[in-house]
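Below is one structure, written out as structure tokens; comments come after it.
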Amino acid sequence: MLEEAAPNWRALRIHESSPANRGISVILARDCPGYVGSHYFPDHERGASVNGWRNEDIECQTFADAEFDLVVSLDVMEHVFNPEAAFKEIFRTLKPGGYYVCTFPIQRSQVQALGVRASISGGHITHHKEPEYHGNPINHEGALVTVDYGYSIHQLIAEWVPFEVRISRFSDREHGILGEYTEVVVCQKPGRPPPMSMRSQWVRRALRTVLKRLFG
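Laid out in structure tokens, this is it:
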């Protein structure tokens, strides 16, 4: 599947934020020399190596400008306190024409693009809704859900940064992809496009790759 998505992916510079220990994260780390996986360890120096991972705060990264061809995050953006800062940093670290592929829950009953569940100030977290936690690959206590995203989030992303934004929703009985939270978000940074071998088929097949990673 990965070969179909981007035949030259092994030669790309790829950053994955908060990778899991399964699926496409394992394949990328094993076979792509230009792959960098990062987690955030707030008690350690940003940019350092911690337990084999690059220590990066997705809202304030230490990577250089235009360093990556592709950035990936799967079910991460609902756990950041400042999504606008995170998207701006991802945009900054992408090369012109590069892609950001991500997933996060989108509430179909929520009209507003963004609903704050928790905020932080001076290191103190304030809960605006009942706390909700998801699984966390580096912390058994889980990851706090800080934001609820709504139907118009694609418009807000494009206001934050000049990404071209596409959200695809899926209903695929054959692969058991049904119900809510099947969205895949693909953002492209304007500029020089990737090689032709990556372009039109890349986006479609990348979505299938991400779905396989999420749903098995």
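Numbering (my numbering), first residue to last: 187 to 402.
Using N, Cα and C, we set each Cβ at its ideal position, and we do this for glycine too.
These figures come from a predicted structure and were not determined experimentally.
**Asked** What residue does the alpha helix (DSSP H) around R216 start on, and which one ends it?
**Response** 209 to 217
**Request:** Measure the beta-carbon distance from D334 to R294 and round it to whole angstroms, keeping in mind my assumption that it falls under 8 Å.
**Result:** D334 to R294, Cβ: 11 Å. No contact.
**Request:** Return yes when the Cβ of V331 is within less than 7 Å of the Cβ of E318, no when it is not.
**Result:** yes
**Asked** Taking the alpha helix (DSSP H) that R278 falls in, what are its first and last residues?
**Response** 269 to 279
**Message:** Using the three-state DSSP reduction, which class does E264 fall into: helix, strand or coil?
**Reply:** Here E264 carries a helix assignment [DSSP, helix/strand/coil].
**Request:** Between the Cα of F273 and those of C288, Y337, N241, spot the shortest distance and give me the residue it belongs to.
**Result:** C288
**Message:** Measuring only the C-alpha atoms, how far is A271 from D217?
**Reply:** Rounded to the nearest angstrom, the two C-alpha atoms are 30 Å apart.
**Request:** Pull up the CB-CB distance for H225 and I324, whole angstroms please, since I reckon it's below 8 Å.
**Result:** 5 Å
**Message:** Our contact map puts H340 next to T279 with C-beta atoms below 8 Å; I'd like the distance itself, whole angstroms only.
**Reply:** With 8 Å as the limit, H340 and T279 do not qualify as a contact, their Cβ atoms being about 21 Å apart.
**Request:** Note the first and the last residue of the continuous alpha helix (DSSP H) segment covering Q341.
**Result:** 339 to 346
**Message:** Let's see if you can read the secondary structure: which residues bound the beta strand (DSSP E) around C373?
**Reply:** 370 to 374
**Request:** Express the C-alpha separation of V266 and F416 in angstroms, rounding to a whole number.
**Result:** The structure shown has nothing for residue 416, since the chain only spans 187 to 402.
**Message:** Just to confirm, is the Cβ distance from E369 to R352 under 7 Å?
**Reply:** Not a contact, by the Cβ cut-off of 7 Å.
**Nearest-angstrom beta carbon gap, L198 and G220 [assumed within contact, 8 Å]** = 6 Å
**Asked** Just curious, the beta strand (DSSP E) that H310 is in, first and last residue?
**Response** 310 to 313
**Asked** Can you round the beta-carbon distance between A252 and P228 to whole angstroms, since I take them to be within the 8 Å contact cut?
**Response** So it is not a contact: roughly 27 Å between Cβ atoms.
**Prompt:** If we count the other Cβ atoms within 10 Å of its Cβ and call it buried at 16 or more, is S307 buried or exposed?
**Reply:** exposed
**Message:** Suppose contacts are defined by Cβ-Cβ distances below 7 Å. Is H230 in contact with N237 by that definition?
**Reply:** no
**Request:** Would you kindly check if the distance between the Cβ of I244 and the Cβ of S203 is under 7 Å?
**Result:** yes
**Request:** Check whether the Cβ atoms of A285 and I276 sit closer than 7 Å, and answer yes or no.
**Result:** Residue identity differs from the one stated: residue 285 is Tyr in this sequence, not Ala. Contact flag unset, no.
**Which residues DSSP lists as bridging T332, in chain order** = DSSP, once it has assigned bridges, lists no residue as partnering T332.
**Prompt:** In this structure, what does DSSP give as the bridge partners for T289?
**Reply:** L260
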